[in-house]
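Chains A and B, in that order, give the protein sequences. Here numbering that gives the first Met the number 0 is used: position 39 in the first sequence is 38, and no number is missing along the way. Here numbering that gives the first Met the number 0 is used: position 149 in the second sequence is 148, and no number is missing along the way. A short worksheet on the structure shown next.
Number of protein chains: 2
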Amino acid sequence: MRHTDTEYEHELRELRERLLLMAGRVEEMIAQSVKAVMTRNPYLANATIESDKRVNQDEIKIDELCLIILAKRQPVASDLRFVTLALKMVTDIERIGDLAVNVCERAIKLSDKPELQPINDISVISALVQSMIKDAIQAFVVGDPKKAQLVIDRDDEVDHLYQKIFRDILEIMIKDPSVIEQGIEIQSVAKLLERMADHSTNLAEQVIFMVKGKDVRHHGKLETNNKIH
Amino acid sequence: MRHTDTEYEHELRELRERLLLMAGRVEEMIAQSVKAVMTRNPYLANATIESDKRVNQDEIKIDELCLIILAKRQPVASDLRFVTLALKMVTDIERIGDLAVNVCERAIKLSDKPELQPINDISVISALVQSMIKDAIQAFVVGDPKKAQLVIDRDDEVDHLYQKIFRDILEIMIKDPSVIEQGIEIQSVAKLLERMADHSTNLAEQVIFMVKGKDVRHHGKLETNNKIH
C-alpha cells in the first residue's frame, strides 16, 4: 500500500510534537530535581526519578517512529536529515533526563545530612540549562540556526558559574572538613547541571548542521573544549 | 541507476571498517592523553589534541556514509537498524575523543605546576576505558551481545576507582592546601575518564538493543544511574 503525502506529513508532525513533549518533560525534571536539592525534599526527588520512566518510553517511541519513517517513506534531502538528526538528538535529550535522575539521587543523600550554606548559583545554572534545552529543541523544530547559536553562547555562562561553585565549595570544605560529604554532593550537582548544558550545546550544534547543511559542529566543539571540566 | 548487491555490501563493510578505525584512533588518543598527564608532557598533549581533527573528520565521513546508504539503498530490518545505530554510536565515539582532548588540556595545565604525588589508579582507569571502547565496537561490528554485556559490567569497576581517586585527592588537598590547583586538575582527569566509560557503556547498551531487538537500554541505565557522579 502506498501512503499519501498527508499521512507522511502527519508522521513528521508527530515526530516534532513528540520531541517537544519529551524535551518539556526533561525540563520539568531538571526544575524538580534542583528544587528537591534546595528544599531537601527526598519525596520530590523520588517522584522525579519515577517520571524518568516516561522519558525513557518517549525515547523508545521516537526511535521507533524514526525507523518507521525511514523504512516506509524513504525520505531524501532535508527530510532525511531531519529524521536522522531526530534519532541523534533524542539520545541527548534522554541523557539529560538521566542526569536529572542523578541530581535527585544527590538530593536524597543530602536530605539526611546537616544543611550546607545555601548555594544560590545552583538555581541560576538550573534556569539557564532549562532555557538552553527549550531553545535548542525549538530551534530544531522550526529550523532556526540563530536561536541555536544563542544556546551555544549561553554555555560559557554555565561553565563560568560551575567553576565558581566548585571553588566556593572547596573553600568551605577546607575551612570546615566536617561538611565534606555535603560539599562533594553539591559539587556533583553543579557538575551534573554543567553536563546537561554540554548536551544542550550539542543539540544546538546539530541544529545548525542540519539547517546550514555544513558542519559547524567541530568549530563549536573545539571552542568549548577549553571550558569543559 | 540501480546498484548491485555487491556495491551495497561494500558500503556496509566500509561503514564497519571506518567505525573500527575511528574507535582505534580514539583509544590511542586516550592512551596518549593519560601518558601526557603522567609524564607531564605538554608536547604529547598538543600532538594528541591535534589528532582529534582526524576523529572529527571520521565522524563527518561516517555520518555522510550512513545518509548515502539510507538514501540510496533504503535498507530495512536489521540493516536499517545497523545503519541508524552507527549514526548514534559515532556521536558517542566522537565525544570520547573530545573528552581525551579535555584530558590533554589538563595535562598542559599540570605540566606548569609542581608535581603531585603519583596517582596510579588513573592509569588503571585509562586501560579499563580503552578496553571498554574496543570491546563495545567489536561487539557492534560482529553483533555479539555477550561481549557488549561484559563492557557494561566493567563500568562498576571504573565508578569505584573514580570515587577512590576523588576522595584520595580531596584528602591530600585538605592536608596541604598548597596543592589544590593540581588536585582539582587530577580530579578532573579522573572524572573525564569516568565519563568516557559512561559513553562506552552507552555504546554497549545500544549493541544489545540492536542484536536482541528489544530495549534493554533503560535497564542498564537505571542500574548505572546509582553509580554515576
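Backbone N, C-alpha and C define an ideal beta-carbon position, used for all residues, glycine too.
Is the CB of residue i under 9 Å away from at least one CB in chain A?
i: B:V33; result: no
i: B:F165; result: yes
i: B:K190; result: yes
i: B:N201; result: yes
i: B:R153; result: no
i: B:A126; result: no
i: B:R53; result: no
i: B:M0; result: A caution first: B:M0 carries a pLDDT of 48, below 50, which makes its placement in the model unreliable, though a value can still be read off. Answer no: the Cβ-Cβ gap between B:M0 and chain A never drops below 9 Å.
i: B:V150; result: no
If the cut is a Cβ gap below 7 Å, which residues of chain A does residue i touch?
i: B:K87; result: L86, K87 and T90
Give me, in chain order, the residues of the same chain whose beta-carbon lies closer than 8 Å to that of residue i; leave out the 5 immediate sequence neighbours on both sides.
i: B:L18; result: I61, A85, M88, V89, I92, I136, F139 and V140
i: A:V178; result: P113, L115, I171 and M172
i: A:K34; result: N40 and L43
i: A:R53; result: R24
i: A:E13; result: L64
i: B:P117; result: M37
i: B:E58; result: M21, V89, T90, I92 and E93
i: A:P144; result: A138, V206, I207, V210 and K211
Show which residues of chain B have a CB atom less than 9 Å away from the CB atom of residue i.
i: A:T83; result: D62, C65, L66, L69, T83 and L86
For a contact meaning CB atoms closer than 8 Å, what does residue i contact in chain B?
i: A:V75; result: A70
So which residues of chain E does residue i contact, with C-beta pairs closer than 7 Å?
i: B:L79; result: The question asks about chain E, but that chain is absent: this structure's protein chains are A and B.
Might you give, ordered along the chain, the residues of its own chain that have their beta carbon closer than 6 Å to the beta carbon of residue i, omitting 5 neighbours on each side?
i: B:A203; result: A135, A147, V150 and I151
i: B:R80; result: M209
i: B:P41; result: I107 and S110
i: B:Y161; result: A189 and E193
i: A:E10; result: I68
So, at 7 Å on beta carbons, what are the nonlocal neighbours of residue i in its own chain, with the 5 sequence-adjacent residues on each side left out?
i: B:Q31; result: L43 and T47
i: A:E184; result: R105, K108 and L109
i: A:L69; result: V82
i: B:I29; result: A99, S125, V128, Q129 and M195
i: B:N101; result: L191
i: B:E180; result: K112
i: A:F165; result: Q186 and A189
i: A:M131; result: V150, R153, A196 and S199
i: A:I95; result: V25, I132, M195 and H198
i: B:N231; result: With chain B represented from 0 up to 228, any question about residue 231 of chain B goes unanswered, as that position is not in the structure.
Taking only beta-carbon atoms, is residue i less than 9 Å away from chain B?
i: A:R17; result: no
i: A:I136; result: no
i: A:R39; result: no
i: A:R194; result: yes
i: A:I183; result: yes
i: A:R94; result: yes
Q: Mind checking the segment 167 to 180 of chain A against chain B and listing, in chain order, the residues whose C-beta falls within less than 8 Å of any C-beta there?
A: L169, M172, I173, P176 and I179
| message | Runs of 4 residues minimum, wholly inside the segment 2 to 39 of chain B: which ones carry the alpha helix (DSSP H) assignment? | response | 4 to 37
Every unbroken alpha helix (DSSP H) inside the segment 129 to 174 of chain B [4 residues or more]: 144 to 174
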